[in-house]
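These notes concern the structure reproduced below.
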Amino acid sequence: MPSFKKLAIGWQYQISYKVAKKYKTKRANGFLTKEKAQLAATDMESKIIQDHDF
5 MPSFKKLAIG WQYQISYKVA KKYKTKRANG FLTKEKAQLA ATDMESKIIQ
55 DHDF
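Next up, the structure:
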C-alpha cells in the first residue's frame, strides 16, 4: 500500500513490498497533485505485482 507526502516540489509516493524476506521500496516525486501521485502509485503497484509472483 502506498503512502503519500506533500513536498516543496509536489507530491511523493512511496511503496514498500517484501521480496525474499527483505523489504524493498519504490519512490517517486514531483507530481503536481495528490491524485496524479495516486495514479502513478497504482501503476507502479501493478508493475511490481507483475514482475514478482506474490
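So for the sequence shown, the working numbering puts the first residue at 5; every next one is plus one.
Glycine residues also receive a C-beta, built at the ideal position from the N, C-alpha and C atoms.
The model shown is predicted, which means the values in this text are computed figures rather than measured ones.
The three-state secondary structure of I13, taken from DSSP, is coil.
Contact between F8 and Y21 is ruled out by a C-beta separation of about 16 Å, above the 8 Å threshold. In the structure shown, the three-state DSSP call for A24 is coil.
By DSSP's assignment, I19 forms a beta bridge with K30. With contacts defined as CB atoms closer than 7 Å, K38 and W15 qualify as a contacting pair.
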